[in-house]
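Reading through the structure tokens given below for one structure.
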Amino acid sequence: MIEKVKNVILVLSGKGGVGKSTVSVQLSLALKESGYKVGLLDIDLCGPSIPYLLGLENSEIYQCENGWLPVYTNDNRENSLAVMSIGFLLKNKNEAVIWRGPKKTAMIKQFLNDVEWGELDYLIIDTPPGTSDEHITIMECMQNFRSDGAIIVTTPQQAALDDVRKEITFCKKTKIPILGIIENMSGFVCPHCSNCTNIFSSDGGKALAEIAKVDLLGTLPIDPRIGVLKGTSCSVITELPDTSTAKVLKDIVKNLNSKLQ
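For the sequence shown, the working numbering gives the first residue as 883, with consecutive numbering after it.
Listed below in structure tokens is the structure:
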């Protein structure tokens, strides 16, 4: 149940492989480290990577009087990230979810209506790529609640930008406010000298933001040092505070707070 959630943010992308789930995880952790109570809902039913990224793959979920209890990243729930994913319901990580649309729809409605999140400042919803059944179901369910908007994740390459444009069109047609665009994998940061090299094209997210007339929230580089945090539930802004990724995430958190207030 999300009646007690102050802000609900969707993380979208029209393209797979742009690092949308990684951005969702690190944004959620950055918000938590900034003093907010945060939940992370993974509705990528066919590719639930959130449990793996947070090191929660062997966790189990339990039911209470009001529904499912989310999994927490540590024992201190007051300073923990609450997480829900279909990955917690699968017998093993190699199990495939082979469902038709109606079953996916029913599962997402359960996630939105039957999880006891408690009082949260933010609920981040990590969605699958594209504009499919899952996205339409969220829009239908959100008619009964307040959705504060969407963050769209892209990479600088033209192929990704073309697909992400479709996601922007989807948001406009379904009247989802776009909070801004995050350009991920924007250059490669050398772990030795910290120089950034644009191995892909550059400023694609900026150009897309100008075309769509929305804000560019930030550009996140490829930094091998960030990879060591996967599977640890650790935030970049606390573990690697001097990196450009940490600084950009802090700016994104400040920007989101100012927009939503």
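The beta-carbon is built from N, C-alpha and C at its ideal position, and this holds for glycine as well. Bear in mind that the values here come from a model prediction, so they are computed numbers and not experimental data.
Beta-bridge pairing of residue i - partner residues as DSSP gives them
| i | result |
| --- | --- |
| Tyr934 | The partner list for Tyr934 (beta bridge, DSSP) is empty, contrary to what the question assumes. |
| Ser962 | Per DSSP, none; premise fails for Ser962. |
| Leu951 | Tyr944 |
| Asn889 | Tyr1004 |
| Asp924 | Ser967 and Asp1008 |
| Phe1070 | Thr1079 and Ile1104 |
| Leu1098 | Ile1063 |
| Leu894 | Ile1034 |
Cut-off 6 Å between Cβ atoms - residues of its own chain near residue i, not counting five sequence neighbours on either side
| i | result |
| --- | --- |
| Thr1120 | Glu915 |
| Lys888 | Asp1003 |
| Ser1029 | Val890 |
Span separating the alpha-carbon of residue i from that of residue j
| i | j | result |
| --- | --- | --- |
| Asp1044 | Thr904 | 21 Å |
| Trp999 | Cys1075 | 43 Å |
| Ser895 | Leu1061 | 13 Å |
| Leu911 | Leu1099 | 17 Å |
| Thr987 | Leu1002 | 24 Å |
| Asn948 | Asp996 | 7 Å |
| Leu1005 | Ile1020 | 13 Å |
| Lys1132 | Ser1014 | 31 Å |
| Leu1122 | Leu1102 | 14 Å |
| Ile968 | Ser941 | 11 Å |
| Leu909 | Val893 | 10 Å |
| Val907 | Ile932 | 7 Å |
| Ile891 | Ser1140 | 14 Å |
| Val900 | Lys886 | 31 Å |
| Ala1042 | Thr1051 | 15 Å |
| Val1046 | Gln1039 | 11 Å |
| Gly929 | Leu935 | 12 Å |
| Val979 | Leu927 | 7 Å |
| Cys1023 | Arg982 | 19 Å |
| Lys919 | Ser1117 | 15 Å |
Any non-hydrogen atom of the ligand PLP within 6 Å of residue i CB
| i | result |
| --- | --- |
| Ala1094 | Ligands are entirely absent from the displayed structure, and the ligand PLP is therefore not among its contents. |
Endpoints, alpha helix (DSSP H) assigned at residue i
| i | result |
| --- | --- |
| Ile1064 | No alpha helix (DSSP H) holds Ile1064; the beta strand (DSSP E) holding it covers Ile1060 to Glu1065. |
| Gly1086 | Gly1086 to Ala1094 |
| Ala988 | Gly983 to Asn995 |
| Thr1013 | That residue, Thr1013, is in no alpha helix (DSSP H); it is neither H nor E in DSSP. |
| Ile980 | Ile980 -> no alpha helix (DSSP H), and no H or E assigned at all. |
| Val1035 | Run containing Val1035: none in the alpha helix (DSSP H); it sits in the beta strand (DSSP E), Gly1031 to Thr1036. |
| Thr1125 | Thr1125 -> no alpha helix (DSSP H), and no H or E assigned at all. |
| Val907 | Lys902 to Glu915 |
| Asp957 | No alpha helix (DSSP H) contains Asp957, which DSSP labels as neither H nor E. |
| Thr1051 | Gln1040 to Lys1055 |
Inter-residue CB distance, residue i and residue j (contact presumed, cutoff 8 Å)
| i | j | result |
| --- | --- | --- |
| Phe993 | Leu923 | 6 Å |
| Pro1011 | Lys897 | 6 Å |
Close Cβ partners of residue i (< 8 Å) along its chain, the five nearest in sequence each way excluded
| i | result |
| --- | --- |
| Tyr954 | Ser962, Leu963, Ala964 and Val965 |
| Pro952 | Gly921, Ile943, Ala964, Val965, Met966, Val997, Glu998 and Trp999 |
Residue range of the beta strand (DSSP E) that includes residue i
| i | result |
| --- | --- |
| Ile884 | Ile884 -> no beta strand (DSSP E), and no H or E assigned at all. |
Chain-order list of residues whose beta-carbon lies under 7 Å from that of residue i (same chain, five-residue window excluded)
| i | result |
| --- | --- |
| Thr1056 | Met1021 |
| Val1096 | Ile1060, Gly1062 and Ile1063 |
| Gly1031 | Ile891, Ile1058, Pro1059, Ile1060 and Leu1061 |
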